[in-house]
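Report on one structure; see the data block that follows.
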Amino acid sequence: MAKYRSIVILTGAGISAESGIPTFRGADGLWEGHRVEDVATPEAYVRDPELVHHFYNMRRAALGTVAPNPAHAALARLEQAFDGRFLIITQNVDDLHERAGSKNVLHMHGELRKAWCLGCDNRTAWLEDMTEESRCPHCSREGRLRPDIVWFGEMPYEMDRIDEALSGCDLFVSIGTSGNVYPAAGFVAMVRHMGRAHTLELNLDPSEGSRMFHETRHGPASQLVPEFVDEVLGG
155 MAKYRSIVIL TGAGISAESG IPTFRGADGL WEGHRVEDVA TPEAYVRDPE
205 LVHHFYNMRR AALGTVAPNP AHAALARLEQ AFDGRFLIIT QNVDDLHERA
255 GSKNVLHMHG ELRKAWCLGC DNRTAWLEDM TEESRCPHCS REGRLRPDIV
305 WFGEMPYEMD RIDEALSGCD LFVSIGTSGN VYPAAGFVAM VRHMGRAHTL
355 ELNLDPSEGS RMFHETRHGP ASQLVPEFVD EVLGG
């Protein structure tokens, strides 16, 4: 482990898919029969908040039926054993990393189990269904809560912190990502431009950015990630 002093892990839908969470879009571009434009944009929320709430209520409830898989557990094990800087940047809105024991997790696309009040700008944990009648626990206003999710057309969270972590890491690992969703798809190029970090892709299939990585390994995350962690911890 002395080889690395700062590790950044990027995770995408592929790592949670093995826990039974479907990827956001199916092959037909739909999720649960809905167009993304109808449930995952600020305009959709203004146009039909009831539909948007229903869509995310279903996804939030589904989290109770799944559990972390060996890939999540392996990353938590790596974080616990590693004595340098360690950060998981996830595109996923589930809480499987945290439930596996990971502590340093940055949800760049938000979290299903959080609500954002458009009235007072506070964010809070939210486990139950959300409706137009839901009240903000901070300001008590009704009808101002939305899922704390970064929708299409919105800026991902904590980009300054992400840039700092990427520029300072000496190992960057991308797990279960498609390589076609920006800005995350551009992280490997940023790291390579800095010229100091080793880059590794662990993916079921080659991503669209596979050629940018120093090293690629393809297969199930539940197999590849524990193997990778064993290698790092074994020195």
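In the numbering used here, the protein residues as written are 155 to 389. For every residue, glycine included, the Cβ atom is placed at its ideal position computed from N, Cα and C.
| query | result |
| --- | --- |
| N246 burial status per 10 Å Cβ neighbour count (16 or more: buried) | buried |
| Option nearest D324 by Cα separation, candidates G333, N334, P224 and A351 | A351 |
| Per-residue DSSP class, three states only, for R298 | coil |
| Proximity to H207 [Cα-Cα], best of D283, L250 and M313 | D283 |
| Counted within 10 angstroms of its Cβ, other Cβ atoms place L272 as buried (16 or more) or exposed | exposed |
| Three CB pairs or more closer than 8 Å across the stretch 237-254 and the stretch 164-176 | yes |
| Other residues of its chain near E312: CB distance less than 8 Å, five sequence neighbours each side excluded | L260 and M262 |
| Unbroken alpha helix (DSSP H) run spanning R169, endpoints | One detail in the question is off: residue 169 reads as Ile in this sequence, not Arg. Unbroken alpha helix (DSSP H) run through I169: A167 to A171. |
| Where the beta strand (DSSP E) containing R289 begins and where it ends | No beta strand (DSSP E) contains R289, which DSSP labels as neither H nor E. |
| Beta-bridge pairing of I161 - partner residues as DSSP gives them | F240 and L325 |
| C-alpha distance - K268 paired with D248, whole-angstrom precision | 10 Å |
| Whole-angstrom distance between E296 and S376, CA atom to CA atom | 42 Å |
| Residue span of the beta strand (DSSP E) that contains R365, given as start and end | Taken as a continuous stretch (DSSP letters only), R365 belongs to no beta strand (DSSP E), as it is neither H nor E. |
| N-terminal and C-terminal residue of the alpha helix (DSSP H) that H263 is part of | No alpha helix (DSSP H) contains H263, which DSSP labels as neither H nor E. |
| Near the ligand MG: T244 beta-carbon under 7 Å from a heavy atom | Here there are no bound small molecules, and the ligand MG is not part of this structure. |
| Reduced DSSP category for A221 - H, G, I as helix; E, B as strand; rest coil | coil |
| DSSP beta-bridge partners of W270 | R277 and R300 |
| Minimum C-alpha distance to A230 - residue among Y210, W280, L217 and K257 | K257 |
| Same chain, Cβ closer than 8 Å to R159, five either side skipped, listed in chain order | G238, R239 and D324 |
| Status (buried if at least 16 other CB within 10 Å, exposed otherwise) for M366 | buried |
| Residue environment, N223, which counts as buried when at least 16 other CB atoms sit within 10 Å | buried |
| Bounding residues of the alpha helix (DSSP H) (the contiguous stretch that carries L378) | A375 to L387 |
| Inter-stretch contact at 8 Å, needing at least 3 Cβ pairs: the stretch 203-221 / the stretch 169-176 | yes |
| Proximal residues to T285 (C-beta, below 6 Å), its chain only, five neighbours per side dropped | H207 |
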